[in-house]
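Residue numbers (mature numbering (1 follows the signal peptide of the UniProt record, and there is no 0)): -19 to -1, 1 to 489.
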């Protein structure tokens, strides 16, 4: 009998052990985008009725459902936890710039950009991280990188030439009269202070073809002549020249005289007609106006003021009723160089009589003395000018502001002064520089005590940023009363205009 009871007890115990083991659970189920709480990671067996907890991965927060899974009859209950990306508070404003946002959720980026004429100091890209935005707000400073006026000779600029251009500025190049553009007329100031794609203004190719002279020839002979080139006209034996013996290629590509060789006509009286006209020369004896001259008469010519004899005889005589050929040629006197100018240069229309030389100073220098000199009979008129450095008066002081790099006497061209407010907000240009005109680039800024109104939101409250008075740059975090939804941004900043940016939210 005892043996029977012992066998019964063994069977009951075995059944209990088997049934108990069959209700235990193994490792918890793995779910994509969910994490098992670390306290359960190393446990391999769980009893009936035990539970495990799941969490959302870094950067995510529970949105709905339960984080719990239970071990029931050897199986884990399904997890219905849902996670969504955490959201970052609204970024503040970038003065003189803005953020370009992908969004405000975990992993999103915000890229800071500056307005034209400003450069970024700080982090350009900020990421929405688990605990908020990475890094700090950058600042946009007035760009110290400038392009000088485009260095293209023989041009002018639309809409008007300036001393300096900031990166991204554009200018349109227009060539002066007599020049043609090679390249694009629009150029852009690059980020390195250099113009991108400068064109060239090239001189128009204007020529005169070789003149055709019936019963004569020209000297020197050539196929093509440039403006101001001259040729001598020589008639064949038995022909006389009608007009000037020297003709000039004009600026429009036309010869500036009519050429004709006519058969000689022998005067029956042996007298000669009026004295021939010679370009840039006149008779010395003043008899130029006589209508006829006796046989054997001789006329001596002299080059006009500003001209010198280049070749040929200076006299002709009346022989058998005909004037002998006059080969006199008078050319403009040359003045040569007008000299050197320290920190400047001359731009010439030429170096011959009547030409001009215009003095131009380098950037940052101003001219003292004559700007234009003319090549006269005795050389360049006037005295050589001087290029002296441009200076600005002492930079203006601003109440409640500190100046960086101040100069208290005279500031040289290009000198930059920065202002920083001790209190209040800076209104205006943070940096000003001495221009080529001896004036500061902008009026001095102001330091204003900007105050924003108390950020009252009906059915809402301030979670962070409590103050008695809210000034420029102060921030506040707004939350709605339980059961209400926030419409707008929860994080607002007191702006430079005394208004909250973005505008205060609503609780609905």
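Beta carbons are placed, not taken as given, at the ideal position from N, Cα and C, and that holds for glycine. All of these numbers come straight from a predicted model, not from anything done at the bench.
Item, Value
"Beta-carbon spacing of residue 6, residue 52 below 7 Å", "yes"
"Span of the beta strand (DSSP E), counted from its first residue to its last, around residue 379", "It is not in any beta strand (DSSP E) - residue 379 carries neither H nor E in the DSSP assignment."
"Cβ-Cβ distance between residue 482 and residue 74 below 7 Å", "yes"
"Test item: CB-CB of residue 62 and residue 39 under 7 Å", "no"
"Alpha-carbon to alpha-carbon, residue 241 and residue 257", "14 Å"
"Continuous beta strand (DSSP E) assignments of at least 3 residues falling wholly in the region 319 to 362", "325 to 329, 337 to 342, 346 to 349 and 353 to 357"
"Three-state class that DSSP yields for residue 21 in the structure shown", "helix"
"Residue 213 - containing beta strand (DSSP E), residue span", "211 to 216"
"Buried versus exposed, by CB contacts within 10 Å (16 or more), residue 385", "exposed"
"Cβ-based burial, residue 416 [other Cβ within 10 Å; buried from 16]", "buried"
"Nonlocal neighbours in the same chain, by C-beta distance under 7 Å from residue 336, ignoring five residues either side", "329, 330 and 356"
"Residue environment, residue 314, which counts as buried when at least 16 other CB atoms sit within 10 Å", "buried"
"Start-to-end residues for the beta strand (DSSP E) that takes in residue 100", "99 to 102"
"When 391, 410 and 363 are compared against residue 382, the one with the closest alpha-carbon", "410"
"Which listed residue (425, 448 and 424) has its alpha carbon closest to that of residue 434", "448"
"Residue 235 versus residue 225: straight-line alpha-carbon distance, rounded", "15 Å"
"Residue range of the unbroken beta strand (DSSP E) whose run includes residue 120", "120 to 123"
"Between the CA atoms of residue 364 and residue 186 - distance to the nearest angstrom", "35 Å"
"At least three beta-carbon pairs within less than 8 Å, the region 305 to 313 to the region 281 to 292", "yes"
"For residue 231 and residue 207, the rounded distance between their alpha carbons", "8 Å"
"Backbone CA spacing between residue 440 and residue 9 [nearest angstrom]", "44 Å"
"Span separating the alpha-carbon of residue 173 from that of residue 396", "19 Å"
"Under the three-state DSSP convention, the category residue 316 falls into", "coil"
"Residue 298 - DSSP class collapsed to helix/strand/coil", "strand"
"Contact check, residue 464 vs residue 486, beta carbons under 7 Å", "no"
"As assigned by DSSP and simplified to three states, the class of residue 12", "coil"
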